[in-house]
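Residue numbers (the working numbering), protein chains in the order written: chain X, 1 to 354; chain V, 1001 to 1354.
Right, one structure below, let's go through it.
There are 2 protein chains.
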Amino acid sequence: MSGRNPKSGADAFKPRRPVLADVAKRAGVSISLVSIVMRGVPGASPANRERILKVAADLGYVPDARARMLRQERSHLLGVMFGVQQLFHADVVEGIYAAAETTGYEVVLSAVTNARPESRAVDTLLADHCEAVLLIGPQSAKSWLTDLAARLPVVVVARSINAPGVDAVRTAEAKGIGLAVDHLVALGHSRVFHIDGGNAPGADQRRRGFRAAMQRHGLVPVSVSGGLADVDGAEATSRILNGANLPTAILAYNDRCATGVLDTLYRAGVKVPAQISVVGFDDTHLAGLSHIDLTTVRQDASVMARLAVQRAVARLDGPEEQRTPRDSVVPPALVVRGSTSRAPRPEKAWKRRG
Amino acid sequence: MSGRNPKSGADAFKPRRPVLADVAKRAGVSISLVSIVMRGVPGASPANRERILKVAADLGYVPDARARMLRQERSHLLGVMFGVQQLFHADVVEGIYAAAETTGYEVVLSAVTNARPESRAVDTLLADHCEAVLLIGPQSAKSWLTDLAARLPVVVVARSINAPGVDAVRTAEAKGIGLAVDHLVALGHSRVFHIDGGNAPGADQRRRGFRAAMQRHGLVPVSVSGGLADVDGAEATSRILNGANLPTAILAYNDRCATGVLDTLYRAGVKVPAQISVVGFDDTHLAGLSHIDLTTVRQDASVMARLAVQRAVARLDGPEEQRTPRDSVVPPALVVRGSTSRAPRPEKAWKRRG
DNA sequence: CTGTTAGCGCATTCAA
DNA sequence: TTGAATGCGCTAACAG
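And the structure:
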């Protein structure tokens, strides 16, 4: 009970969090020695090291990231912008953490939500002194990305973008759609519709890829405007069902959109895949659920994440020839599940009721 | 072109990011005036304010969060730990951002992944000087939470915990399970099994709630060990199907687990809900997909998020009587969908094949 | 191996 | 309304 803090009068004040000096005083050494120990760099005797670590633990000392980074020339921080509700983004984020582990960089997350636009998300990343930012599926204008890229290395993941100064890691979207079309054509389908993603990441590439693949097979490509949510897929499907021309297969912009398609077909009493085959994109966890059991084009999130981190680190620390932005294209793969089957014979094809 | 940086010799150096002093020099005013303007506090003439803001924008000045927070007594940061793959957590995170918006606190995210345990996630939050932490569905030991709560306000969301010093915002789990049991009993079910969540958040409460509800109806509660992933639900269902005693309804720990249940039943040729009814928990986006169409117990993520933020802020800034931790219980609601129906007549009940 | 010193960018007294 | 000085907690360079 002796030797307590001899500060004047007041008895109950908020317990300040311990700092380097507190640890030093308690251990009877200098501040810089404690700093050396906390950073794990050589320069302290084993005995002191052990004792200081013990004192620090006792006090509950946690290094102050703010002060540490303020002092250091570099932050070694990678900023990641992602959509908190996006299944595919979650896969990429997980991969980014794993990939960053071995690089000496820390990851800082910034979420995009309904109430939090991309610009806000990135501003906090900048304020935090991230050295590079990885943007997952950004929707912002190209010019905005270009401006951002003038300030620090920007790696765009899962959006096909051709903006100067911006690194991109993307799936070969057109090729992926091509795989899906080839698969359907091999199953005898000829009336294949594409429900596109509107302005969503990669939507344009997928639309083009669809057109090219269909034409390659001598078929007529029909694209219907959709979006990235299930409601978009549902609405588009309703429009299709109300139209004159009916497909035997639907290629949705992504898995989530495809669930909306399945939904609407199911409610309309259309059998999948007997009457209409459905293909998604992404191979999110959703697609594998056996009640959905969706044939889909797989984007490899962990490979994309690894490449994205590699690119960011190369831009920052790599040799000169690695410091310029580039495109990294990851090959997609078709995952065949139960939502596709041989095209129905014309006379057995689905007819509108009533 | 006069008055350029008079630094010696070198011509091409890395473009340092602008700081307060750069803006001040360019605008021909003092640093502190720029500071006043950037913080938006009174003390500058409208003319100056406008000009300074313009210069700052031109230079691409972004306040340095590290330095700002180092200087300030308080960080006004709320740390949020969440599982990046958890659908329900995403809903809560979104709600937390929305709720924090009006409080003057910023949100800092820290993800838990396979390779990143909760302790690491929280350590970064502490290093960042968060004033309080909101932990979504933490799995860590109670003692760890108690220790943490000794350092700063801790709000646990979606886990029923009775740890001293810890705030909790949770659903009335037992009541939710009770609603599900009541629903099933009203449909004539008597052989109801519960696939539990093992050690997962709330699992124990749900198990107890199940037992109590069944006994209230004079029925025998059967609990089977499960978990929070779909594979857990699938495995448990296999065991059930191989057992001697067959249920007419299964209550899964959560929606994700329930999809595993549906999956396995589907593969085994068991019709849902004709032969077995299935109920989930959470009402994640998953449950509403019509191909899953799962009757489930809804946890209101946005209400929970709002309460959690309120509690954190009250602990930090509230009047004295608000500064002690407490439990906030959110009522659940049953969402009836297509995975439940009237119990099959005994003679029509599902029989094992072969 | 250890302690001393300076300064990162900013907010904040206090003077002018 | 403005400007000069101080220090937040820490690291880095140097001196003992």
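Glycine residues also receive a C-beta, built at the ideal position from the N, C-alpha and C atoms.
Query, Result
"Ignore the nearest five residues each way along the sequence and tell me which others in residue 1230 (chain V)'s own chain have a CB closer than 8 angstroms to its CB.", "1256, 1257, 1259, 1260, 1263"
"If we define contact as Cβ-Cβ less than 7 angstroms, is residue 76 (chain X) a contact residue for chain V?", "no"
"State the beta-bridge partners of residue 106 (chain X) as determined by DSSP.", "X:77"
"Is it the case that the Cβ atoms of residue 1118 (chain V) and residue 1140 (chain V) are separated by a distance below 7 angstroms?", "yes"
"For residue 1294 (chain V), which three-state DSSP category applies?", "coil"
"Kindly indicate if chain V contains any beta-carbon less than 7 angstroms away from that of residue 11 (chain X).", "Residue placement at residue 11 (chain X) is flagged as unreliable, the pLDDT there being 35, under the threshold of 50; the coordinate-derived value follows with that caveat. No, because no Cβ of chain V sits closer than 7 angstroms to the Cβ of residue 11 (chain X)."
"Determine the burial state of residue 1342 (chain V): buried for a count of at least 16 other Cβ atoms within 10 Å of its Cβ, exposed for fewer.", "exposed"
"Below 8 angstroms on the Cβ atoms is my contact criterion, and I expect residue 1224 (chain V) with residue 1193 (chain V) to pass it. Report the Cβ-Cβ distance as a whole number of Å.", "6 angstroms"
"From the beta carbon of residue 5 (chain X), is the nearest beta carbon of chain V less than 7 angstroms away?", "Unreliable positioning characterises residue 5 (chain X) in this predicted model, as indicated by a pLDDT of 36, which lies under 50. The coordinate reading is nonetheless provided below. No, residue 5 (chain X) lies away from the interface with chain V (no Cβ there is under 7 angstroms from its Cβ)."
"Can you list, in chain order, the stretches of the alpha helix (DSSP H) that have 4 or more residues and sit fully within the segment 1297-1338 of chain V?", "1301-1317"
"Excluding the 5 residues preceding and the 5 following residue 1006 (chain V) in the sequence, name in chain order all residues of the same chain whose CB lies nearer than 8 angstroms to its CB.", "Because the pLDDT of residue 1006 (chain V) is 35, which lies under 50, any placement of that residue in the model is unreliable, and the question is left without a value."
"Which runs of the alpha helix (DSSP H) fall wholly inside the segment 212-292 of chain X and span at least 4 residues, in chain order?", "230-242, 255-267, 285-288"
"Tell me where the beta strand (DSSP E) around residue 1171 (chain V) begins and ends.", "1166-1171"
"Strictly below 7 angstroms CB to CB, what residues from chain X border residue 1118 (chain V)?", "Going along chain X, no residue has its Cβ under 7 angstroms from residue 1118 (chain V), so there is no contact; the nearest lies around 14 angstroms."
"Comparing alpha-carbon positions, which option in X:74, X:277, X:75, X:202 lies nearest residue 329 (chain X)?", "X:202"
"Does the Cβ of residue 248 (chain X) have 16 or more other Cβ atoms within 10 Å, making it buried, or fewer, making it exposed?", "buried"
"Show which residues of chain X have a CB atom less than 8 angstroms away from the CB atom of residue 1062 (chain V).", "123, 126, 127"
"Just by C-beta distance, which residues in the segment 1288-1304 of chain V are closer than 7 angstroms to chain X?", "1289, 1290, 1291, 1292"
"Mapping DSSP to helix, strand and coil, what is residue 1188 (chain V)?", "coil"
"Check the DSSP bridge columns for residue 116 (chain X) and list the partner residues they point to.", "X:113"
"What does residue 1084 (chain V) touch in chain X if you count any residue whose Cβ is under 7 angstroms from its own?", "90, 93, 94"
"Should residue 1004 (chain V) be labelled buried (16 or more other beta-carbon atoms within 10 Å of its own) or exposed?", "At residue 1004 (chain V) the pLDDT is 33, less than 50, meaning the model places this residue with poor confidence; the figure from the coordinates comes in the next sentence. Exposed is the call here."
"Buried or exposed: which applies to residue 1155 (chain V), given that a residue is buried once 16 or more other Cβ atoms fall within 10 Å of its Cβ?", "buried"
"Pairs of beta-carbons, one from the segment 1073-1081 of chain V and one from the segment 1043-1055 of chain V, closer than 8 angstroms: are there three or more?", "no"
"Along chain X, in chain order, which residues have C-beta atoms closer than 8 angstroms to that of residue 1058 (chain V)?", "Chain X residues near residue 1058 (chain V): none, gap ~12 angstroms exceeds 8 angstroms."
"Would you check if the distance between the CB atom of residue 1133 (chain V) and the CB atom of residue 1307 (chain V) is smaller than 7 angstroms?", "no"
"Along the beta strand (DSSP E) that carries residue 152 (chain X), what are the first and last residues, could you check?", "First-last for residue 152 (chain X): undefined, no H or E at that position."
"DSSP has residue 132 (chain X) in a bridge; who is on the other side?", "X:78"
"Nearest CA to the CA of residue 1210 (chain V): which residue from V:1320, V:1279, V:1147, V:1162?", "V:1279"
"Looking at residue 131 (chain X) and residue 289 (chain X), is the spacing between their C-beta atoms short of 7 angstroms?", "no"
"Taking the continuous alpha helix (DSSP H) assigned at residue 1196 (chain V), which residues delimit it?", "It is not in any alpha helix (DSSP H) - residue 1196 (chain V) carries neither H nor E in the DSSP assignment."
"Can you give me the C-alpha to C-alpha distance between residue 1314 (chain V) and residue 314 (chain X), rounded to a whole angstrom?", "45 angstroms"
"Mapping DSSP to helix, strand and coil, what is residue 1060 (chain V)?", "coil"
"Give me the DSSP bridge partner(s) of residue 83 (chain X).", "X:112"
"Taking 7 angstroms as the CB-CB cut-off, is residue 248 (chain X) touching chain V?", "no"
"Does the CB of residue 109 (chain X) have a neighbour CB from chain V at under 7 angstroms?", "yes"
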